[in-house]
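Notes follow the structure.
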DNA sequence: GTTGCGGTTTCTGTATACACAAGACTGATC
DNA sequence: GATCAGTCTTGTGTATACAGAAACCGCAAC
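Right, dumping it as structure tokens:
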């Protein structure tokens with residue numbers, strides 16, 4: 001959004017602030033910088049190899065993204081992800097994605113989604129091919145999201161969606177999905193795509209609603225199982241939807 | 249969100265970057281800095297009375313808000329508001345506000361909305377009292393929005409709503425509403441409030457949908473009338489929804 | 001043992017200086 | 001007279017220096 005390098009692939013030396021932003025953002029999304037980690041300006045500036053000025057600009061952008069929060073006195077810290085915040089994020093996600101697929105169904109270029117449809121049909125087979133298949137599947141999801149963005153046109157809505165996807169990327173790391181769930185998800189996506197091709201906004205929205213419900217349920221269950229496997233004590237009454245204290 | 253001055257009213261000297269941000273933001277929202285205005289760092293830093301470093305931080309936040317866009321070569325500029333972008337903003341607004349009132353109806357504290365209800369009942373009377381009445385009415389709207397935010401709880405959703413409201417503030421300036429429309433709007437708000445009090449999410453969402461539709465129609469008509477009054481040539485076929493070229 | 005106060009240290013917030021790049025202007029040549 | 005090239009101006013991107021403030025540590029008193 002800042003530096004247009006559309007013509008050629010990042011031949012531009014890239015500004016220091018942009019480098020710092022991308023590196024920090026990447027490290028936060030990959031979990032290298034764990035939630036709650038306290039960061040100091042000088043320390044990070046040295047590590048990344050830029051001076052404090054561009055680093056501060058990068059941090060300002062991360063704060064705007066909601067990936068980092070300014071601490072009162074000392075430095076800044078990577079924001080926490082609580083189970084509550086996952087539910088909250090999905091409430092926003094639902095509002096945005098239902099609207100997005102609705103508009104996409106009204107305005108779509110059928111051709112683009114017909115191509116996507118073919119690819120999603122091969123997903124179950126794809127997911128039998130181990131880790132590389134899973135990666136290929138995730139690129140497919142990205143192409144799907146890009147097709148939606150292109151069909152929706154609306155920059156405000158697309159911007160809000162991008163923000164949500166940033167946080168989703170962090171959550172995905174928390175609960176790596178099993179391949180059974182991924183096959184289900186592919187089928188759910190196929191339904192949404194069919195509705196969009198058919199130009200049926202209402203069906204597209206309802207299919208997306210179903211998908212998001214399944215997705216949230218799966219994520220929460222995976223997190224819960226991870227917690228149990230690590231031996232965290234969870235009271236029996238809370239096993240279905242464990243309530244963890246909320247930051248923010 | 250940055251500086252907590254909850255205890256006392258802005259006794260804190262306030263950081264230079266924060267001052268620059270608030271001043272620029274205020275001037276953009278009030279239209280003092282018109283859309284399309286080109287801004288230069290040195291020039292603005294001098295005018296506001298801060299050095300370039302905090303000014304750049306302020307501009308970075310404004311860019312994140314979508315109020316300002318970086319120009320390729322020279323400086324930055326206040327973003328344009330096209331008629332298309334108003335429609336697009338309302339598409340996002342609809343997604344967010346319908347979800348918000350839905351959740352508010354589920355989670356609300358009835359007491360807060362009963363108080364609001366009483367106040368909104370007096371709105372038609374209030375709006376007979378000229379300009380001060382109109383200002384009082386707008387504070388009422390703000391209280392309504394705050395009550396929704398409090399009832400929704402969800403920080404992600406509330407954050408997205410705040411962003412939308414920022415852009416709405418600019419649009420309101422473009423098309424100052426007549427008092428007839430404001431009385432209608434008050435009645436529409438009352439319906440939403442009643443639905444929330446009744447704990448009926450679906451009714452609340454539908455009432456909000458109606459309100460937004462009326463609001464958008466009114467805004468577009470007001471802008472069109474302004475354009476005609478200024479003598480702008482609009483082709484007859486475009487009178488209902490004039491299509492103006494889109495920035496962003 | 002705990003609590004309060006003061007000194008010290010470290011970190012942020014801001015200003016400023018410097019380097020590099022992109023336009024603009026001027027002069028020369030065709 | 002027009003066009004191109006070189007220089008010059010101007011503005012951003014970055015580094016760094018300085019000042020003020022907040023946290024930490026130690027000491028002392030209760």
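Protein chains in written order, with my numbering: chain A, 1 to 248; chain B, 249 to 496. By construction, the Cβ of each residue, glycine as well, lies at the ideal position given by its N, Cα and C atoms.
Taking a cut-off of 8 Å on C-beta distances, the region 324 to 336 of chain B touches the region 283 to 303 of chain B, as three or more cross pairs fall below it. Taking a 10 Å sphere around the C-beta of residue 21 (chain A), we find 16 or more other C-beta atoms and assign the residue as buried.
With a cut-off of 8 Å on Cβ pairs, the region 295 to 303 of chain B is not in contact with the region 427 to 442 of chain B, counting fewer than three such pairs. If you draw a straight line from the Cα of residue 408 (chain B) to the Cα of residue 456 (chain B), it comes to about 17 Å. Residue 280 (chain B) carries a coil assignment under DSSP once its states are collapsed to helix, strand and coil. Under the three-state reduction of DSSP, residue 175 (chain A) is assigned to coil, being neither helix nor strand.
Residue 317 (chain B) sits in a strand when the DSSP states are folded into three classes. Taking C-beta atoms as the reference points, residue 204 (chain A) and residue 105 (chain A) count as a pair closer than 8 Å. One alpha carbon belongs to residue 362 (chain B), the other to residue 369 (chain B), and they sit about 11 Å apart. With a cutoff of 8 Å on beta-carbon distance, residue 329 (chain B) and residue 420 (chain B) are scored as not near each other. Contact between residue 339 (chain B) and residue 99 (chain A) holds: their C-beta atoms lie close to 7 Å from each other, under 8 Å. The DSSP-derived three-state label of residue 479 (chain B) is coil.
Distance from the CA of residue 291 (chain B) to the CA of residue 274 (chain B), rounded to the nearest whole angstrom, comes to 18 Å. Around the beta-carbon of residue 85 (chain A), 16 or more other beta-carbon atoms lie within 10 Å, marking it buried. Going by beta carbons, residue 124 (chain A) and residue 71 (chain A) fall outside the 8 Å limit. Relative to the Cα of residue 88 (chain A), the nearest Cα in the group B:366, B:415, B:344 belongs to B:344. Distance from the CA atom of residue 225 (chain A) to the CA atom of residue 180 (chain A), rounded to whole angstroms, is 16 Å. According to the DSSP assignment, residue 115 (chain A) belongs to the alpha helix (DSSP H) that extends over 110 to 121. Rounded to the nearest whole angstrom, the C-alpha separation of residue 129 (chain A) and residue 141 (chain A) is 17 Å. DSSP places residue 38 (chain A) within a strand segment (E or B) once states are collapsed to three. Rounded to whole angstroms, the separation of the alpha carbons of residue 67 (chain A) and residue 454 (chain B) is 34 Å.
For the C-beta of residue 347 (chain B), the chain A residues within less than 8 Å are, from N- to C-terminus, 91, 92, 94, 95. For residue 88 (chain A), the residues of chain B that pass the 8 Å Cβ criterion are 401, 402, 403, 404, 405, in the order they occur in the chain. Excluding five sequence positions before and after residue 211 (chain A), the CB atoms of its chain that fall closer than 8 Å to its own CB belong to 185, 188, 189, 191, 192, given in chain order. For residue 301 (chain B), the residues of chain A that pass the 9 Å Cβ criterion are 53, 56, in the order they occur in the chain. Taking 8 Å as the cut-off, the Cβ atoms of residue 152 (chain A) and residue 158 (chain A) count as close. Within the same chain, and ignoring the five residues on either side of residue 305 (chain B) in sequence, the residues whose Cβ sits closer than 6 Å to its Cβ are 265. A buried status is given to residue 167 (chain A), since no fewer than 16 other beta-carbon atoms sit within 10 Å of its beta-carbon. Under a criterion of Cβ atoms nearer than 8 Å, the residues of chain A adjacent to residue 351 (chain B) are, in order, 91.
Beta bridge pairing from DSSP links residue 76 (chain A) with A:39, A:70.
Around the CB of residue 201 (chain A), 16 or more other CB atoms lie within 10 Å, so the residue is classed as buried. At a cut-off of 8 Å between C-beta atoms, residue 309 (chain B) counts as an interface residue with respect to chain A. When DSSP states are grouped into helix, strand and coil, residue 263 (chain B) belongs to the coil group.
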